[in-house]
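Below is one structure, written out as structure tokens, with a few remarks after it.
Residue numbers (our numbering), protein chains in the order written: chain A, 1 to 93; chain B, 94 to 639.
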């Protein structure tokens with residue numbers, strides 16, 4: 001089933017801006033849990049990479065150009081990285 | 094846009110996807126990014142522009158702030174506190190700045206009941222606000238700096254700029270990918286070849302400034318890291334203040350209690366802080382004055398020149414006191430930067446963005462790179478239409494022509510319209526009467542009204558005429574600026590030269606150079622326009638600018 005063109009574009013743009021942002025946030029949470037530094041330093045160090053991760057996510061979405069794959073490609077790693085990051089942080093503290 | 098989702102060879106389809114992303118992402122962001130880039134580039138010289146915009150201060154400036162004695166500094170703090178207690182006792186925040194080269198008075202600022210920033214300049218002698226005729230109220234060059242990171246719209250503006258800067262990163266990366274011959278393109282410029290010339294101009298300015306642009310976009314985003322990317326903090330701290338306290342090794346921010354407590358004599362704390370830091374103070378702040386949670390911070394003296402060549406700046410030093418009883422809460426001694434490595438990295442990135450680590454040579458380098466970057470965005474936006482002029486690509490079906498026209502109007506308003514608004518801002522600085530209330534705000538409002546006027550103008554006129562008329566207006570405003578300055582203040586290029594005011598000489602010369610470049614553009618556009626008319630072709634929109 002093909003969605004109409006404008007809807008597909010809007011879906012991709014939303015996956016890139018919102019999905020990409022959540023994925024980036026999840027990766028930061030994961031990295032700041034595993035970077036071997038004091039917590040505040042680890043958070044800053046991980047966050048410094050955020051815009052590179054975000055850019056890569058957006059570019060990936062427009063290479064895939066498929067709404068469903070784009071959203072799944074953002075959501076699944078978001079849940080994995082975010083969940084693992086929170087889990088490791090809780091266990092360490 | 095129909096190329097999307099069509100099967101093709103893997104490599105080609107990848108490049109096509111990047112081409113699509115670069116074209117549309119670039120176009121949508123180009124107007125905002127051009128504005129951010131142009132005003133940011135002008136803002137590189139914010140202090141110098143402020144100097145020109147305050148001619149009265151220049152006239153009385155035999156004052157050397159670094160030569161102030163301890164007694165004078167303490168007396169200044171006393172005067173400032175007396176003023177703030179009388180006029181801003183219900184404020185949540187005070188700041189007192191000692192005189193600087195551009196501000197030869199005591200700068201007091203506070204946040205009023207509506208949380209709006211207020212400030213005034215007090216005379217060193219009387220402790221009363223300086224008469225406006227000795228110090229015209231203006232945002233000066235800071236207007237451009239604020240424009241480029243928040244559009245004078247506070248937090249909403251910061252997010253707005255951040256959003257478009259992310260698109261810029263994406264457009265830069267996708268632009269690099271679609272580029273097959275990056276170095277060859279740099280040395281290619283095919284003159285008078287219409288679309289080819291625009292493409293070559295776009296490519297050459299992009300390749301020349303590519304490392305600079307990646308750096309400036311990324312470091313710009315990093316400045317607001319804690320605003321844009323709070324995930325790491327939110328996931329680990331229930332109270333973000335705790336994070337900042339640990340990170341900076343400082344006592345936690347104290348929330349307001351609502352219990353009244355007087356602020357002690359700030360000049361005594363200022364003096365004690367100077368002894369503790371072993372150097373003079375430069376400014377101090379008070380959080381929640383009048384509340385039992387009040388905290389004051391005194392910051393050490395610094396001179397921009399001390400930091401030349403330092404990408405990782407030394408600490409200026411600060412001391413934090415309980416403002417209700419004078420207890421020392423924290424000493425952050427001046428000297429080598431001693432926070433963690435990630436913070437040091439962020440600090441280096443900030444300093445790289447602010448362009449204040451190497452005096453005028455670095456500032457000029459940033460200015461030239463920034464202008465080339467702005468040129469890249471402008472040529473990119475224009476190229477979009479030039480490419481579609483011969484043959485419409487019909488991306489929007491029946492609405493295509495209308496959408497192209499909207500893009501065209503926005504191009505003109507964003508590029509030449511903004512240029513007119515920027516130069517007009519300097520005229521407003523001289524023409525708005527001294528004694529009008531909120532004078533500084535009126536200068537900025539005038540800037541926006543002028544910009545809006547240019548938008549309306551470009552919507553009402555055929556494209557070629559609109560470009561021509563707006564650049565003609567810019568040329569006039571730029572070339573006549575010294576004359577207008579002479580009439581309104583009695584100063585101008587030559588008198589600045591005679592008195593050795595090199596900053597103002599540099600300012601007016603730079604404006605004149607831009608005026609001359611714009612004149613060249615106007616003459617070029619006129620030639621094109623008459624050529625088009627001679628062949629009596631029906632003038633299609635934007636025909637003559639290719």
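All C-beta atoms in this analysis are idealised placements derived from N, C-alpha and C, irrespective of residue type, glycine included.
**Message:** Are the CB atoms of residue 172(B) and residue 215(B) within a distance shorter than 8 Å?
**Reply:** yes
**Request:** Starting from the Cα of residue 140(B), find the closest Cα among 237(B), 174(B), 117(B) and 127(B) and give me that residue.
**Result:** 237(B)
**Request:** Report back the beta-carbon spacing between residue 324(B) and residue 28(A) to the nearest angstrom; my notes put them in contact at under 8 Å.
**Result:** 5 Å
**Request:** Please confirm if residue 311(B) has its CB atom under 8 Å from at least one CB of chain A.
**Result:** yes
**Request:** For residue 48(A), decide whether its Cβ has a neighbour in chain B, counting only Cβ atoms nearer than 8 Å.
**Result:** yes
**Message:** Please confirm whether residue 94(A) has its beta-carbon closer than 8 Å to some beta-carbon of chain B.
**Reply:** Any answer about residue 94(A) is impossible in this case: the structure gives chain A only from 1 up to 93.
**Request:** Kindly indicate which residue of 181(B), 199(B) and 180(B) has the alpha-carbon position closest to the one of residue 189(B).
**Result:** 199(B)
**Asked** Using 8 Å as the Cβ pair cut-off and three pairs as the minimum, do the stretch 121 to 137 of chain B and the stretch 172 to 183 of chain B touch?
**Response** no
**Asked** Got a sec? Which residues, its chain only, sit under 8 Å from residue 596(B) by beta carbon, not counting five neighbours each side?
**Response** 141, 144 and 145
**Request:** Output yes if chain B places a C-beta closer than 8 Å to the C-beta of residue 86(A); else output no.
**Result:** yes
**Message:** Assuming the contact rule is C-beta atoms closer than 8 Å, residue 466(B) and residue 306(B) should be a hit. Round their C-beta distance to whole Å, please.
**Reply:** 5 Å
**Prompt:** residue 413(B) lies in the beta strand (DSSP E); which residues open and close that run?
**Reply:** 411 to 415
**Asked** For residue 122(B), which residues in chain A fall below 9 Å Cβ to Cβ?
**Response** Result: empty, since nearest Cβ-Cβ is about 12 Å, beyond 9 Å.
**Prompt:** For residue 266(B), which residues in chain A fall below 7 Å Cβ to Cβ?
**Reply:** 55 and 59
**Request:** List the residues of chain A whose Cβ lies closer than 7 Å to the Cβ of residue 325(B), in chain order.
**Result:** 28, 29, 32, 43, 46 and 47
**C-alpha distance - residue 458(B) paired with residue 303(B), whole-angstrom precision** = 14 Å
**Prompt:** Whose CA, out of 564(B), 132(B) and 506(B), lies closest to the CA of residue 234(B)?
**Reply:** 132(B)
**Request:** Measure from the alpha carbon of residue 380(B) to the alpha carbon of each residue in 187(B), 616(B), 611(B) and 164(B), then state which is nearest.
**Result:** 187(B)
**Prompt:** Do residue 254(B) and residue 58(A) have their C-beta atoms within less than 8 Å of each other?
**Reply:** no
**Message:** In chain order, what are the residue ranges of uninterrupted alpha helix (DSSP H) at least 4 long that sit wholly in the stretch 40 to 92 of chain A?
**Reply:** 50 to 64 and 67 to 92
**Message:** With distance defined between alpha-carbon atoms, name the residue in 296(B), 607(B), 410(B) and 421(B) nearest to residue 516(B).
**Reply:** 607(B)
**Contact list for residue 263(B) against chain A, beta-carbon separation under 7 Å** = 55, 58 and 59
**Asked** Roughly how many whole angstroms lie between the Cα atoms of residue 148(B) and residue 20(A)?
**Response** 49 Å
**Asked** In whole angstroms, what is the alpha-carbon distance linking residue 383(B) and residue 201(B)?
**Response** 17 Å
**Asked** For residue 206(B), which of helix, strand or coil comes out of DSSP?
**Response** coil
**Message:** Going by the DSSP bridge assignment, what does residue 314(B) pair with across the sheet?
**Reply:** Its beta-bridge partners do not exist; DSSP assigns none.
**chain B contact residues for residue 40(A), given Cβ-Cβ distances below 7 Å** = 336, 339 and 340
**Cα-Cα separation between residue 412(B) and residue 615(B), rounded to whole angstroms** = 57 Å
**Asked** Using a C-beta to C-beta distance shorter than 8 Å, which residues of chain A count as neighbours of residue 433(B)?
**Response** 37, 38, 40, 41 and 44
**Prompt:** So, is the C-beta of residue 89(A) closer than 8 Å to a C-beta in chain B?
**Reply:** yes
**Message:** Given this structure, state the Cα-to-Cα distance separating residue 455(B) from residue 288(B), to the nearest angstrom.
**Reply:** 34 Å
**Prompt:** Is there at least one Cβ from chain A nearer than 8 Å to residue 439(B)'s Cβ?
**Reply:** yes
**Prompt:** Which one of 219(B), 241(B) and 245(B) has the shortest CA to CA distance from residue 209(B)?
**Reply:** 245(B)
**Message:** Check whether the stretch 553 to 563 of chain B and the stretch 495 to 509 of chain B are in contact - that is, three or more C-beta pairs closer than 8 Å.
**Reply:** yes
**Asked** To the nearest angstrom, how far is it from the Cα of residue 486(B) to the Cα of residue 268(B)?
**Response** 21 Å
**Request:** For residue 315(B), return the contacting residues in chain A, with the cut-off set at a CB-CB distance below 8 Å.
**Result:** 48 and 51
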